[in-house]
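Protein chains in written order, with the UniProt record's numbering: chain S, 1 to 390; chain U, 1 to 390; chain D, 1 to 390; chain B, 1 to 390.
No residue lacks a Cβ here, since even glycine has one placed at the ideal position from N, Cα and C.
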């Protein structure tokens with residue numbers, strides 16, 4: 001399983017092609033639209049979220065509600081495109097139009113790809129960078145992840161993303177016993193947080209940041225339940241599944257760190273408090289007395305829930321000015337903008353969920369078969385029985 | 001550039017083949033042996049480090065001290081192999097030898113790949129897992145990294161790994177002005193830490209853990225200086241260089257988290273304190289007034305030093321017993337061992353340095369040419385000039 | 001550079017995403033539509049070619065007539081889709097519609113992917129296979145190739161595909177001195193053949209096959225002029241460029257063989273008549289006195305024109321019945337159809353041109369830089385000068 | 001499954017690392033040495049074949065005669081190395097040694113990688129090219145292939161390579177009914193040809209070429225029996241298994257063409273004579289009444305034997321001089337050598353067998369599971385039953 005995404009933020013559409021999704025997976029636009037809507041919610045989003053109500057078109061690879069095994073094309077139209085046909089037009093501009101319509105961007109925003117991207121690709125108009133480096137691209141990553149989540153659901157594997165910290169306000173750690181309950185709670189929360197006690201504080205932190213013309217980041221956590229032990233591999237470094245999951249989290253716009261289980265706390269705990277003791281019972285087979293390692297040992301799943309967290313930096317587009325330099329004049333200026341989200345962490349938890357779902361699905365397809373849902377189900381079931389009796 | 005590693009911990013040798021290293025890079029065994037020796041030092045290492053004095057043989061790809069452009073074979077002999085020729089022998093065992101020599105391992109150690117690996121590959125003798133999942137494999141990853149470091153050095157790019165925390169003892173953050181100085185300081189330290197004030201505390205923490213039959217982990221940091229802006233790319237999620245670096249760190253045995261720049265602190269800081277303001281001067285071209293983002297924006301380098309940290313969990317092989325279950329009898333037992341390292345964080349900083357060096361070198365080869373050192377040098381130089389004048 | 005294609009033959013559209021095309025390449029829909037039209041011409045095509053007048057929409061990656069460096073989405077609408085919305089619908093069918101609309105295919109056609117594909121993916125309705133395995137997919141491969149050809153043209157590299165044999169009628173071998181002339185001749189020919197003497201015989205062979213309810217295949221040749229020496233590599237088997245080109249030709253529907261230069265004749269010629277002698281002059285640098293090896297030595301280009309041929313089997317959809325077996329009833333039946341092309345070789349030469357262009361462009365991007373057209377041009381020029389003076 | 005090879009022709013050794021071979025495959029050095037010996041036989045080989053009696057060392061990934069799932073290192077020592085330690089030494093040369101020992105090569109041989117490789121990598125001494133571009137590298141490709149053949153044998157899949165043409169002398173086509181018989185016949189033949197009637201003519205052709213100071217090429221064929229239907233895929237062009245097999249054949253040194261089944265004859269046959277009609281019986285399930293397509297339809301196996309042929313050009317190292325140019329002086333010279341093979345086609349059939357075996361094994365691992373031989377066997381068996389009953 002692999003996928004490519006394409007599309008500029010104000011271009012006609014975002015597109016993704018998913019290659020390698022097995023045949024026989026039930027799939028409808030609703031499966032995907034639900035996640036697209038979840039991505040657009042959350043306290044702290046700006047006007048764009050009201051403009052776009054994203055829905056997907058499936059343009060290949062699905063027939064009569066079932067995947068065919070052939071590549072799946074997903075497209076999300078940019079409703080805003082109609083106002084941008086000149087500025088973002090595909091065709092060459094006539095001479096007279098040139099200066100008028102281009103809205104050339106020469107002022108790079110700190111924290112964005114603008115300047116580095118312009119240097120790299122030789123763009124004097126940084127719109128050529130920012131249109132693609134925009135987090136708008138995550139829309140189709142969520143669409144791809146929705147397909148992966150559907151695939152996992154068929155195998156009894158659940159994935160849930162939620163928020164554990166915003167702007168320094170932390171949710172109380174609590175053991176998650178049921179992902180469905182967690183999901184019910186977090187989806188009802190404007191900040192996608194299970195901890196009712198801090199929810200309002202998080203919203204206040206967002207509002208305060210907004211009032212200050214500032215922005216805040218936070219931490220999202222993704223939990224995956226039901227993956228059999230032994231997915232991934234220790235035999236070669238680039239086959240470690242936790243490393244792939246880490247890369248997928250780090251590839252989300254604005255993410256600056258990732259950790260599993262106790263994560264960075266492992267630097268201060270003794271080994272006897274970190275490693276998860278092993279037990280066995282007739283009914284459950286092998287299991288662990290704790291899950292400090294977040295479901296991974298040796299680059300493989302342990303059969304315990306996968307617990308991974310990523311940190312998102314504050315949105316770099318601020319009302320509050322940041323110093324920068326115009327690339328044409330080399331004059332310093334104060335970078336600021338007129339409207340923006342002040343916090344996108346709740347949305348980012350949906351994106352994180354999507355990219356983790358994709359990696360896990362991908363690993364399962366590699367290990368348990370790439371062609372047909374029915375065979376994959378059988379093989380995963382056999383693995384569960386094998387592990388239980390091992 | 002790509003590489004494969006091979007070798008069991010008590011097999012005859014560890015081997016790596018590096019494919020895609022450009023022609024014309026000066027390279028000798030000393031370049032590599034230095035790093036192998038660095039990996040074996042550090043307060044808290046066990047007996048194995050005394051047994052093995054690792055040195056490399058270059059078996060292909062280098063002639064008269066220069067790389068040829070063809071694949072480079074690096075081999076590190078396991079001196080201990082002579083005692084393991086029966087237990088780890090390649091050839092089938094005779095019937096009578098079978099039970100005697102096998103030293104069958106049926107007791108999985110918590111925190112290791114033992115149990116998951118055995119379930120996955122169907123091994124009833126977990127020696128078949130632990131011989132490969134051992135951190136001994138990092139020896140050749142360090143060898144590969146040494147070649148990458150040599151490559152980078154030719155381009156004026158420096159890489160340094162060091163320790164910032166061990167068992168809860170943290171080095172005081174300080175701005176690094178000179179990587180050579182940093183290296184001189186940290187290489188002189190038994191815990192590879194620049195902060196003299198905490199060095200002894202770190203050693204004490206290690207000794208205490210050892211006395212308690214326990215182990216401790218820590219945090220390592222890698223800094224890369226001199227990479228031009230615009231390496232990596234924002235155009236597709238799997239081309240983001242920070243994501244690749246994160247995966248490489250996470251693929252090191254026992255690592256549970258990774259972060260860039262301010263990392264997880266970004267969850268509590270306002271945007272105005274996170275994003276690095278942009279300045280420009282005739283002499284320096286573009287530069288940043290801070291480096292909170294650790295040298296990356298939009299999956300690309302900014303031209304500022306890359307700063308990445310990884311957290312290593314405590315070594316899971318403890319004197320202090322952890323509960324586990326024998327896979328043959330299903331009886332619980334207390335997992336403990338008689339000798340081991342109690343802390344491998346100083347060594348891990350060398351491994352981290354190696355894997356980061358590889359990723360950066362790989363990205364540079366992709367962008368600036370894959371064939372010849374002289375052309376790559378020219379192209380990198382052109383990029384620096386282009387960026388300065390952009 | 002990489003690309004994914006998607007789309008069923010009677011689905012809403014064909015789509016491809018091209019990732020890794022450098023920034024700064026001039027590109028318009030006309031550049032692509034020209035090749036799409038060329039693919040639809042040729043004596044012997046059936047009714048479908050009249051139904052579809054393929055044109056492309058560029059949906060990302062291009063702005064104001066220039067590539068941005070970001071992924072390029074190309075879409076070709078299937079005009080026929082409006083008649084297939086039920087049969088090929090994305091959404092699940094209502095119970096009553098189910099049997100009516102499905103047009104279930106249970107009769108596999110020899111020579112097609114029908115039976116193997118159905119076995120592999122578990123499809124009882126082989127429409128689920130044939131919709132994707134159809135040569136309709138080559139439409140977007142041609143679109144991708146058109147972008148590659150534009151890229152190559154900017155570097156002074158020309159690519160031309162033409163027909164050298166149809167149904168046993170062979171064009172007289174002749175040395176090609178000028179690709180523009182060749183192209184002018186072959187584009188004017190209904191069978192895309194430069195040899196006026198056999199053109200009519202080829203058309204007659206096609207007509208005769210059609211009258212007999214049969215079909216015929218043929219041989220296409222692609223020539224690439226202007227590639228510098230030393231593209232590709234001998235250092236590792238999977239980096240040999242001729243092997244990649246061979247795979248691309250073999251991946252075209254219905255192709256059964258591929259050869260370079262003298263190709264299979266090399267089995268009967270002595271070495272002294274095969275190897276291309278080397279000469280040098282002040283003006284030209286190194287050159288060859290012949291081009292029997294078709295522009296490749298050691299998996300690398302020699303600087304001489306690349307000459308590669310592929311053989312296409314006859315179209316397997318015949319009026320003349322072939323024996324097969326219904327997969328539901330296991331009854332034998334006579335497979336035949338009512339309309340089809342009787343020869344698609346002229347069209348296949350355009351597809352071959354496209355896939356070869358892509359491979360060459362890909363290799364050049366790998367070697368000479370992936371980011372910007374202006375730098376790639378400079379680097380290719382430097383290589384030409386270096387080779388001339390070497 | 002993937003592998004890297006390394007090693008220069010006169011360096012200390014050739015090495016390959018095989019990553020991804022499943023656990024539980026019985027494997028000994030004999031399995032590999034047999035094929036290494038087969039590669040060194042054949043009428044027409046030169047002195048080098050007498051110097052080297054290749055045998056392999058397994059240095060990782062195998063324990064007590066069984067694969068572990070971890071990377072397998074195979075090494076073949078170059079016995080000749082002891083005479084080349086200075087010329088091919090790894091370490092830098094002292095100033096005085098420099099001119100003496102280098103045996104600098106400035107005269108490129110037509111038909112070799114010498115000139116293009118030197119231009120590409122900037123080598124003024126073409127020994128830096130020819131040491132790696134040498135067909136000596138195929139030794140470890142044969143070793144890798146031997147492991148793949150062992151893997152396939154466990155699944156009841158047989159692979160045999162043999163010679164069908166040498167220097168214009170063609171074996172009479174005959175239908176192969178039993179691969180074991182074919183192998184017995186061809187292994188007993190000095191030219192690895194089943195057709196006793198032409199065997200002597202082939203040897204005579206080789207001897208005549210040798211007397212003339214010339215060389216000849218030929219055609220090799222590889223047959224694979226027992227692969228289930230539906231391996232490979234039509235869903236995306238780069239997943240077509242015949243295309244991958246074609247690339248592997250083309251990546252063998254000196255190969256200039258590849259074809260499946262009737263191959264290039266398909267250009268002159270009508271469709272009704274090319275496509276393989278489909279039949280079904282209770283005992284056999286689906287089968288074909290012919291095998292003109294060489295076991296592939298739509299990039300997938302049909303369940304019929306895979307039949308692939310490749311053409312090898314004559315060895316380019318001739319006694320008979322070919323014109324070339326010294327790269328230092330730019331003076332023309334007559335390239336000739338003092339000893340060489342005059343025909344390597346019988347050996348090449350073993351290499352072809354090896355590379356095809358690898359590709360098929362790789363495809364099976366992808367489709368049927370990557371971890372354990374026992375599960376892969378079960379899955380392949382299930383597929384055979386599924387296909388029979390489909």
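| query | result |
| --- | --- |
| Measuring only the C-alpha atoms, how far is residue 175 of chain S from residue 135 of chain S? | 31 Å |
| Comparing alpha-carbon positions, which option in U/194, U/206, U/129 and U/366 lies nearest residue 166 of chain U? | U/206 |
| From what residue to what residue does the beta strand (DSSP E) around residue 160 of chain D run? | 158-166 |
| What residue does the alpha helix (DSSP H) around residue 373 of chain B start on, and which one ends it? | 373-389 |
| What does the alpha-carbon distance come out to for the pair residue 361 of chain U and residue 157 of chain U? | 10 Å |
| For residue 201 of chain S, which residues from the same chain have a beta carbon less than 8 Å from its beta carbon, with the 5 sequence-adjacent residues on both sides left out? | 169 |
| For residue 143 of chain D and residue 32 of chain D, which I take to be in contact (beta-carbon distance under 8 Å), what is that distance rounded to the nearest angstrom? | 5 Å |
| At a cut-off of 7 Å, is residue 63 of chain D close to the ligand NAP when judged by its beta-carbon and the heavy atoms of the ligand? | This structure lacks the ligand NAP, and indeed carries no ligand of any kind. |
| Which chain S residues sit within Cβ distance under 8 Å of residue 194 of chain U? | Under the 8 Å cutoff, chain S gives no residues; its nearest Cβ is about 17 Å from residue 194 of chain U. |
| Anyone know if the C-beta pair for residue 355 of chain D and residue 309 of chain D falls short of 8 Å? | no |
| Taking CB distances under 8 Å as the criterion, tell me whether residue 88 of chain B reaches chain U. | yes |
| Quick one: list the residues of chain S neighbouring residue 393 of chain U, beta-carbon separation under 7 Å, in chain order. | Beyond the ends of chain U as shown, which are 1 and 390, falls residue 393 of chain U; an answer cannot be given. |
| Taking any Cβ of chain B, which residues in the stretch 24-45 of chain S have a Cβ under 8 Å from it, in chain order? | none |
| So which residues on chain U does residue 370 of chain D lean against when the C-beta distance must stay under 9 Å? | 233, 366 and 367 |
| Beta-carbon of residue 149 of chain D versus every beta-carbon of chain B: anything under 8 Å? | no |
| Which term fits residue 181 of chain U, buried or exposed, when burial requires 16 or more other beta carbons within 10 angstroms of its beta carbon? | exposed |
| Only counting the same chain, and skipping five residues up and downstream in sequence, which positions put a Cβ closer than 8 Å to that of residue 65 of chain S? | 26, 27 and 28 |
| Report the three-state DSSP secondary structure of residue 222 of chain S (helix, strand or coil). | strand |
| Using three-state DSSP, classify residue 344 of chain D as helix, strand or coil. | coil |
| What number of angstroms, rounded off, separates the C-alpha of residue 275 of chain S from the C-alpha of residue 68 of chain U? | 46 Å |
| Enumerate in chain order the residues of its own chain whose CB-to-CB distance from residue 154 of chain U is below 7 Å, with the five nearest sequence positions on each side excluded. | 25, 373 and 377 |
| Give the interface partners of residue 6 of chain B over in chain U, defined as CB-CB distance under 9 Å, in chain order. | 17, 18, 19, 59, 60, 61, 70, 71, 72 and 73 |
| Please confirm whether residue 327 of chain D and residue 215 of chain D have their CB atoms less than 8 Å apart. | no |
| Identify, in the order they occur along the chain, each residue of the same chain with its Cβ nearer than 6 Å to the Cβ of residue 38 of chain B, setting aside the five sequence neighbours on each side. | 350 |
| Using C-beta distances below 6 Å, list every residue in its chain close to residue 403 of chain B, excluding the 5 sequence neighbours before and after it, in chain order. | What is shown of chain B runs 1 to 390, which leaves residue 403 of chain B out entirely. |
| To the nearest angstrom, report how far apart residue 192 of chain S and residue 164 of chain U are at their CA atoms. | 34 Å |
| How is residue 45 of chain B classed by DSSP in three states: helix, strand or coil? | coil |
| Using the beta-carbon of each residue, which ones in chain D are nearer than 7 Å to residue 320 of chain B? | 272 |
| Along the chain, where does the beta strand (DSSP E) containing residue 256 of chain U start, and where does it finish? | 255-260 |
| Given that residue 104 of chain B touches chain U, what residues does it touch there, using C-beta distances under 9 Å? | Those within 9 Å of residue 104 of chain B in chain U number zero; the least Cβ separation is about 11 Å. |
| Cβ atoms of residue 334 of chain B and residue 278 of chain D: under 8 Å apart, would you say? | no |
| Give the residues of chain S in contact with residue 323 of chain U, contact being defined as C-beta atoms less than 8 Å apart. | 277, 278, 279 and 289 |
| Using a Cβ cut-off of 8 Å (strictly closer), state whether residue 112 of chain B contacts chain D. | yes |
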